[in-house]
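Note that the protein sequences, when read in sequence, are chains A and B.
If you count by this note's numbering, then the first sequence holds residues 560 to 670, one letter each, in order.
If you count by this note's numbering, then the second sequence holds residues 300 to 413, one letter each, in order.
Accompanying notes for the structure given below.
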Amino acid sequence: DAKTTQPNSMESNEEEPVHLPCNHSTISGTDYIHWYRQLPSQGPEYVIHGLTSNVNNRMASLAIAEDRKSSTLILHRATLRDAAVYYCILRHGAGSYQLTFGKGTKLSVIP
Amino acid sequence: SQTIHQWPATLVQPVGSPLSLECTVEGTSNPNLYWYRQAAGRGLQLLFYSVGIGQISSEVPQNLSASRPQDRQFILSSKKLLLSDSGFYLCAWSVGAADNEKLFFGSGTQLSVL
């Protein structure tokens with residue numbers, strides 16, 4: 560199974576953009592890239608996902624490298640409520656229903 | 300709209316006691332259901348998933364079992380808890396088999412085995 564690599568932790572100042580990187584050098588052509596985040600003492604929540612093209616939604620943007628071996632989750636203006644653990648996950652191939660979560664990146668937002 | 304209910308929120312159990320955690324989903328039919336566990340300071344570990352009534356797949360051999368007696372009900376059980384069973388247990392659901400399906404998580408149960 561393709562795996563992802565993320566920094567253990569990152570810091571950002573409030574109201575500044577945040578770029579959370581993820582490496583997935585063994586990604587297969589059919590793997591979607593998913594991002595979830597987990598606030599303290601809560602279950603993870605979906606943030607965004609993509610396959611090849613960059614994606615935008617109300618929460619964030621996802622920038623995917625042309626070779627798909629890396630991606631970046633972009634929070635355009637960090638708020639204190641964005642402090643969470645962010646997980647970059649590869650959705651396995653067709654017929655598989657699992658999402659495997661790594662340790663993620665703990666984002667701290669400094670007021 | 301769809302909602303997921305998971306209870307209890309916290310649970311303290313002695314070693315050797317049984318366990319039953321229940322999860323129900325409303326507002327959708329034939330969901331895929333999942334049980335995850337998160338040990339302190341660690342990532343989420345997939346324990347079980349189910350694509351239909353009576354269909355359970357186990358990801359990790361352990362002291363736990365899962366059952367799906369109804370379409371939108373998923374139960375995590377143990378006959379005798381171990382200290383290592385402590386953790387944050389999360390139920391989740393999704394619909395569809397496409398590679399871009401999304402997972403929706405419950406609020407979790409914090410289990411402490413003493």
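Backbone N, C-alpha and C define an ideal beta-carbon position, used for all residues, glycine too.
On a predicted model such as this, the values are computed, not experimentally measured, just so you know.
Residue contact check for Pro603(A) against chain B: a CB pair falls below 8 Å.
Residue-level contact check: Ser366(B) does not touch chain A, since none of the beta carbons of chain A fall below 8 Å from its beta carbon.
In the DSSP assignment, Met618(A) falls outside any beta strand (DSSP E) and carries neither an H nor an E. Residue burial annotation: Gln369(B) is exposed, with fewer than 16 other C-beta atoms found within 10 angstroms of its C-beta.
In this structure, DSSP gives Ser377(B) an extended state, which the three-state scheme calls strand. A distance below 6 Å between beta-carbons, with the five flanking residues on each side excluded, links Pro566(A) to the following residues of its chain, in chain order: Thr664.
In chain order, Lys662 make up the part of chain A whose C-beta sits under 9 Å from the C-beta of Arg341(B). Residue-level contact check: Leu658(A) touches chain B, since one or more beta carbons of chain B fall below 8 Å from its beta carbon. Scanning chain A for C-beta atoms nearer than 7 Å to the C-beta of Leu402(B) yields Tyr605 and Leu658, reported in chain order.
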